[in-house]
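In what follows, a single structure is set out as structure tokens and then discussed.
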Amino acid sequence: MEHKKPHQNSTSSVGSSRPLNPLFCGEEEEILFTALLEKSFAFAVVTISLSITRRKMSSAGKDKTDEKAGIRQAAEEMVVQNTCRRYRIDALAEREADLLKKKREVDAEMRLAMCQVTAKEEQLSGLKQITELQRDKLNSMRHNMFAEQEKRVNLDREIKGAKEKLNQLRISERRKREQRENRVADITARLRCTPWAIKRQKALDTMNTLKKELEENVVQKKVLVDSVEEMKTLGKGMMFCRLACLEQIITCSR
157 MEHKKPHQNS TSSVGSSRPL NPLFCGEEEE ILFTALLEKS FAFAVVTISL
207 SITRRKMSSA GKDKTDEKAG IRQAAEEMVV QNTCRRYRID ALAEREADLL
257 KKKREVDAEM RLAMCQVTAK EEQLSGLKQI TELQRDKLNS MRHNMFAEQE
307 KRVNLDREIK GAKEKLNQLR ISERRKREQR ENRVADITAR LRCTPWAIKR
357 QKALDTMNTL KKELEENVVQ KKVLVDSVEE MKTLGKGMMF CRLACLEQII
407 TCSR
């Protein structure tokens, strides 16, 4: 690059204590050398311009007819302008390179961010689909739950109506049973007061007494039969004893 040449010349001029350029003084050479080392070209240009301006002002009181001084001043201005342009161009080139580098970095970051955003969008779309499916399932479950609740309410109403009907039937059946029992009691009371009922009751009473007497006779007969059987067994035993005694007597008499 072109700005490295003044750097080398300035280094050699410092070592040999010779001026860098016959158009520059020693102070301006030191400023330019320091600026080149620090790469602060704008600061060097501004400082050199101020130095030249001061020199112009100091040389304003001298003789203006000196052509050599005028030519030198014009040459210095041209050199300063060219140097300023060159340093400005170099600075702009470096700035452009830095900006291009930053642009590439930003583009890479943007591409990475776009990829991440695309991945996130795909993930969000998948989650959205899953959420929609879950929402549909939830809505269907809610619909089924509401239908079941309606069915349960209808069943509760039917059960309540059936219970009311059953209670009414029980009440009516109880009333009918009470009425029937009352009618039976009335009919029974009326029948008991009739002569036929009185005769029937007497016949039933006599029949019951005869049954009791018959049962008593059966018991007595059974007792008599048992006593007869005992007597028979006792008679047989006595006859056996007598026969045994007779046999012994006969055997003894022989």
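Per this note's numbering, the sequence shown starts with residue 157, numbered consecutively.
Note that the Cβ used here is the ideal one computed from N, Cα and C, for glycine as well.
All values derive from a computational prediction rather than experimental measurement.
Buried versus exposed, by CB contacts within 10 Å (16 or more), residue i
{"i": "residue 232", "result": "buried"}
{"i": "residue 256", "result": "exposed"}
{"i": "residue 239", "result": "buried"}
{"i": "residue 253", "result": "exposed"}
Secondary structure of residue i, DSSP reduced to three states
{"i": "residue 160", "result": "Low confidence applies to residue 160: its pLDDT is 40, below 50, so where it sits in the model is not reliable, and the reading given next is rough at best. In this structure, residue 160 counts as helix in the three-state DSSP scheme."}
{"i": "residue 407", "result": "helix"}
{"i": "residue 445", "result": "The structure shown has nothing for residue 445, since the chain only spans 157 to 410."}
{"i": "residue 357", "result": "helix"}
What ranges does the alpha helix (DSSP H) occupy inside the region 226–251, keeping only unbroken runs of at least 4 residues that lie completely in it? none
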